[in-house]
Amino acid sequence: MGVDYIGLLKSTDLGESWQPKNNGINSVRPWSIYKHTDGNLFVGCAVDSILEGGVYLSSDEGENWDYIGLYYATIYEFLRGPETICSVPLQMVFSDLPTMV
Numbered sequence: 086m087g088v089d090y091i092g093l094l095k096s097t098d099l100g101e102s103w104q105p106k107n108n109g110i111n112s113v114r115p116w117s118i119y120k121h122t123d124g125n126l127f128v129g130c131a132v133d134s135i136l137e138g139g140v141y142l143s144s145d146e147g148e149n150w151d152y153i154g155l156y157y158a159t160i161y162e163f164l165r166g167p168e169t170i171c172s173v174p175l176q177m178v179f180s181d182l183p184t185m186v
């Protein structure tokens, strides 16, 4: 899987060719993608005046995507640990709240 200005792309031939795989994603501005050890894919999308942004999940190798949270937030990166994954909207990265992880 890869991200491009036209959306998510998938290659099944080691990058020789790429096909769009945006089924279920309202945004065509993906910024980050993460593959969990269980095989699930997560994509973080950007928000602008038209697109909604947020986080989407695929459990079928990127064929279909489901919105799972952070609507109207731009997700530039995923923070991950051995058993957790966090996506942090850019506007929250510099928060000084004691409950922010």
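Residues in the sequence shown are numbered consecutively from 86, following our numbering. Here a beta-carbon is modelled for each residue, glycine too, at the ideal position from N, C-alpha and C. Everything numeric in this text was worked out from a predicted model, so none of it was measured.
Which residue from the options puts its Cα closest to that of residue i?
i    : options                  : result
R114 : K106, D123 and G138      : G138
H121 : L94, T159, L93 and G147  : G147
P105 : N149, C130, I153 and G92 : G92
N107 : E101, V140 and L94       : L94
Output yes or no for whether 8 angstroms exceeds the beta carbon distance between residue i and residue j.
i    : j    : result
M86  : L126 : yes
D151 : G109 : yes
Since residue i contacts residue j with CB under 8 angstroms, what's their CB separation in whole angstroms?
i    : j    : result
V128 : S144 : Contact flag wrong, Cβ pair sits at about 13 angstroms.
Give me the DSSP bridge partner(s) of residue i.
i    : result
K120 : L126
L94  : G87 and P105
G154 : V140
If I follow the unbroken beta strand (DSSP E) through residue i, where does it start and stop?
i    : result
E137 : E137 to S143
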